[in-house]
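In this note's numbering, the protein residues as written are 2 to 300.
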């Protein structure tokens, strides 16, 4: 019995076995596709939310208002104390005169623009725009800044940041749970697919073993069958994910409901998605095959 590695033989036998167990092979591939699609969809949602959270951390800010009894010099002297607060990346001081000009410019196109521009300076207050490193710590940062003597009041929307963090964490958590569940189911289906093949060929395997075939030589075609099933499922899942992501991205980018959101172009991620899908499919396929063939090698 020839014991050298024969890639052509392994591939041919593995490919033939896929069609021999057509229904089970189809079920295994579809399970892998479903697993990877759900895994990929939730992972891409989490990735996009992570980017949006990063944009909020860079662009979003809260305003800390200075005590009205403070002089301009006293107000500007608070900057170093605010910058020393943990999680604060940088701050910018705005005088009440500048705040009035910004407010008037913001509503310049409004029908009541003249009314806004005529608001007295006394209505406004000196303030600091405070930017943060970690948006999930927004409320703690606000409390720490307000605890500084000379700061009275703030303007912020921590519920928006908390909402993004919550949705991101839920998406990541659900993705992890579903990944483990579906991977286990995929392994089980591939295990039974390969097991069916080994059972129908158990006598042939026994004869090969008695003729001196090594475990590796007998195991090879079944492992290749599992690898092909996993790889084929990964390729199908990749193109399905591409189409699904394109449809959802177009709906978000063109819809009025999600005007605050934008999606990462799939073209920037396709290599990573394909690589992860292929690696997962190969691991699942190979793992299921190794588990299924083990007991039939005990001759």
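Positions of the beta carbon are idealized from the N, C-alpha and C atoms, including for glycine.
task = Answer yes or no: do residue 92 and residue 131 have a C-beta to C-beta separation smaller than 8 angstroms?
result = For the purposes of this step, residue 92 is identified with residue 91 of the chain shown, where counting begins at 1. For the purposes of this step, residue 131 is identified with residue 130 of the chain shown, where counting begins at 1. Cβ distance < 8 angstroms, so residue 92 and residue 131 count as in contact.
| task | Give a yes or no on whether the C-beta atoms belonging to residue 133 and residue 88 are separated by under 8 angstroms. | result | Here the question's residue 133 lines up with position 132 in the chain shown. Here the question's residue 88 lines up with position 87 in the chain shown. Contact: yes.
task: Decide if residue 103 is buried, meaning its Cβ has at least 16 other Cβ atoms within 10 Å, or exposed.
output: For this step, residue 103 is matched to residue 102 along the chain shown. Classification of residue 103: exposed, given that the 10 Å Cβ count is below 16.
Query raised in the report: What is the rounded straight-line gap between the Cα of residue 100 and the Cα of residue 254?
Result: As a first step, residue 100 must be located in the chain shown, where it is residue number 99. As a first step, residue 254 must be located in the chain shown, where it is residue number 253. Taking the straight line joining both Cα atoms gives about 33 angstroms.
Looking at the secondary structure, which residues open and close the alpha helix (DSSP H) in which residue 83 lies? One-based indexing of the chain shown puts residue 83 at position 82. Run containing residue 83: 80-84, per the alpha helix (DSSP H) assignment.
Give every residue of the same chain whose Cβ lies closer than 7 angstroms to the Cβ of residue 97, excluding the five residues on either side of it in the sequence, and list them in chain order. Numbered from its first residue, the chain shown carries residue 97 at position 96. Correct list, in chain order: 122, 125, 126 and 127.
Q.
My output table needs one value for residue 95: the three-state DSSP class, helix, strand or coil.
A. Stepping through the chain shown from its first residue, residue 95 is reached at position 94. Here residue 95 sits in strand by DSSP.
Checklist entry - Taking residue 64 as the reference, which of 288, 143, 51 and 232 has the closest Cα? => result The residue labelled residue 64 in the question sits at position 63 within the chain shown. Ranking the options by Cα distance to residue 64, first place goes to 143.
>> With the cut-off set at 8 angstroms, would you say residue 155 and residue 66 are in Cβ contact?
In response: Here residue 155 refers to the residue found at position 154 of the chain shown. Here residue 66 refers to the residue found at position 65 of the chain shown. In this structure, residue 66 lies closer than 8 angstroms to residue 155 by Cβ.
**Request:** Inspect the beta-carbon positions of residue 267 and residue 247 and report whether they are closer than 8 angstroms.
**Result:** Locating residue 267 in the chain shown gives position 266, counting from the first residue. Locating residue 247 in the chain shown gives position 246, counting from the first residue. In this structure, residue 247 lies closer than 8 angstroms to residue 267 by Cβ.
In this structure, what does DSSP give as the bridge partners for residue 66?
In the chain shown, counting from the first residue as 1, residue 66 sits at position 65. Answer by DSSP bridge pairing, in chain order: 128.
inquiry  = As a quick exercise: from 25, 32 and 79, pick the residue whose alpha carbon is nearest that of residue 180.
reply    = The residue you call residue 180 lines up with position 179 of the chain shown. Selected option, being the one with the closest Cα: 32.
From 28, 286, 49 and 223, residue whose alpha carbon lies closest to that of residue 250 | Start at 1 with the first residue of the chain shown, and residue 250 comes out as number 249. Per the Cα distances, 49.
**Prompt:** Under a three-way DSSP split, which group does residue 26 fall into?
**Reply:** If you number the chain shown from 1, residue 26 lands on position 25. Residue 26 falls in the helix class under three-state DSSP.
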